[in-house]
Amino acid sequence: MDRRHFLMSSAAAAPLAASALASPNDTVRVAVIGCRGQGNSHIRQYLGMKNVEIAALCDVDDSILNQRLAFIEKESGKKPAAFKDLRLLLEDKSIDAISIATPNHQHTLQTIWGLQAGKHVYCEKPCSHNIFESRQIVAATRKYNKLVQHGTNSRSTVALKEAMQKLADGYLGEVYMARGLCFKWRDTIGRTPVEAVPAGVDYDLWLGPAPKREYTKNRFHYNWHWFWDYGNGDFGNQGIHEVDIARWGLGATLPTKVSAMGGHFMFDDDQETPNVLTCTYEFNVNGKKKFMVFDVRHWITNNEATIGSPQTNTVGNIFYGSKGVMSIDGYAQYETFLSRKFTPGDKRKEGGSNWQNFIDALRSGKREDLNAEIQEGAYSSTLMHLANISYRLGRTLDVDPVTGDVKNDKEAMKMFTRNYRKGFEVPLKV
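Structure (structure tokens):
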């Protein structure tokens, strides 16, 4: 992958029409792709919106699909169309947007398919399974001139938008360091044997771009996160939120140096990804050095600042500035503490809907109205991928902060992409 494949071109995209819809007052017809855990959240969000219709659902598992169809019909009085294969759903020209909540390894390809079919896209985090895909998803968004929102939900909460503005305005003085914390109680997944694919599941479609493998329960619902073929570990599962917030607050894009160490501790099970991971990043932001640390811990640990508790999960961020610190617990609240006296400062707790922001932007037709535009999602996903590459290779990466390429490391660059199964290739030319 040469330097011409630069990361996420910031070149100005063509402006959208006055509205991204036929009429800004029309009912927005949305299709939800992947209906289980996070997909159910998408469904509930859209059901609560005025002039939004869930026109179709797509899932490879009949049992999940039928449950969600029945739920939507009960709540709205309308039963959506049902599909297993997204490509067939995309033939429906009346659908305005697709909302993707499938496993990570499907996100980029399904987004590109949607864009090629003329749809706007809400894509769950992370938007990509590797760095090549981060580049291609933005390239496709620009080429087809559609709106793509990334599922880093904190960018739409009132509290965090205010918090980030305070950091930018100098409320904490010079912010030199950010931390992201992902301390979640996660038990062993054990070991599961090869068995027959469950009735009603199209496992070939579920595998999509990933290598052909025999079915096991651990490689399917949810636990796919812990296998490199499909997921990116807890960094790609939960931690993508925290690294996005950290990068946002520092005003950073791509790093100059990345290092990650950790491992899979305590449990002898099927999991491939680390359950303990410490990642460090160096950035140059407007001529000043900035530092970021991201941590995954899976078991007995401490909480930090005002975030979580040892008995529950500790998930959030801490920013360090010359005048004080900011503590962010989750996605929708922050507190500040000033000077050596740790005097309580400004704080706020107030949420917001990333899905509503997506629908509002469809009505306005303005890309700048998206709080989590795909460019931002691609930057944050790339930070996650770089850390995973560093961890898997066991060495520090020197990164070109303009292109995102790793300097003088062919082995690392090879891990920017994958071998795709025939029929499920993420295209070199979108």
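As numbered in this note's numbering, residues -19 to 410 make up the sequence shown, in order.
Each residue gets a CB set at the ideal place from its N, CA and C atoms; glycine is no exception.
Values in this document were obtained by computation on a predicted structure and should not be read as measured data.
Where residue i sits in the DSSP three-state scheme
i	result
Gln251	coil
Lys197	helix
Ile13	strand
Asp380	coil
Val174	coil
Val138	helix
Arg(-16)	In this predicted model, Arg(-16) has a pLDDT of only 39, less than 50, meaning its place in the structure is not dependable enough to derive any value.
Gly213	helix
Ser43	helix
Thr121	helix
Ala(-9)	With a pLDDT of 44 at Ala(-9), under the threshold of 50, the modelled position of this residue cannot be trusted; read the value that follows with caution. Note: Ala(-9) maps to coil in three-state DSSP.
Glu33	strand
Ser114	helix
Ala143	helix
Phe63	strand
Beta-ladder partner(s) of residue i, from DSSP
i	result
Arg328	Tyr314
Asn264	Lys269
His130	Cys103
Asp275	Leu161 and Thr258
Met393	DSSP lists no partner for Met393.
Ile287	Glu284
Ala77	Val10 and His100
Val410	Partner(s): none; Val410 has no beta bridge.
Thr323	Leu318
Local Cβ density within 10 Å of residue i, reported as buried at 16 or more and exposed below that
i	result
Met306	buried
Ile13	buried
Asn31	exposed
Gln116	buried
Leu147	buried
Ala179	exposed
Asn203	buried
Asp224	buried
Arg24	exposed
Pro254	buried
Ser361	buried
Glu252	exposed
Arg199	buried
Lys394	exposed
Thr7	exposed
Arg(-16)	Residue confidence is low: Arg(-16) scores 39 on pLDDT, short of 50, so the model does not pin down where it sits. No coordinate-derived value is stated.
Ala50	exposed
Phe263	buried
Met364	buried
Arg48	buried
Pro191	exposed
Gln355	buried
Arg193	exposed
Ser134	buried
Val382	exposed
Phe322	exposed
Distance between beta carbons of residue j and residue i, contact taken as under 8 Å
i	j	result
Gly296	Gly288	7 Å
Gly384	Leu234	5 Å
Arg16	Ala35	Contact doesn't hold; Cβ gap of about 19 Å is too wide.
Cys103	Ile75	Between Ile75 and Cys103 the Cβ distance is about 16 Å, and since that is not below 8 Å, they are no contact.
Lys99	Leu70	7 Å
Ala0	Leu127	6 Å
Thr397	Asn110	6 Å
Ile411	Pro407	Absent from the structure is residue 411, since the part of the chain shown begins at -19 and ends at 410.
Ala139	Tyr314	6 Å
Tyr195	Glu175	6 Å
Lys387	Asp378	4 Å
Arg343	Pro189	With 8 Å as the limit, Arg343 and Pro189 do not qualify as a contact, their Cβ atoms being about 33 Å apart.
Run of the alpha helix (DSSP H) containing residue i, from where it starts to where it stops
i	result
His221	Ile220 to Leu230
Asp184	Tyr183 to Leu187
Gly94	His87 to Gln96
Ser360	Ile354 to Leu373
Phe338	Asn334 to Ser344
Leu68	Leu66 to Leu69
Delimiting residues of the beta strand (DSSP E) encompassing residue i
i	result
Met241	Lys237 to Gly243
Phe299	Thr294 to Gly301
Leu161	Val155 to Phe163
Leu1	Counting along the chain, Leu1 falls outside any beta strand (DSSP E), and DSSP gives it neither H nor E.
Ser307	Gly304 to Asp309
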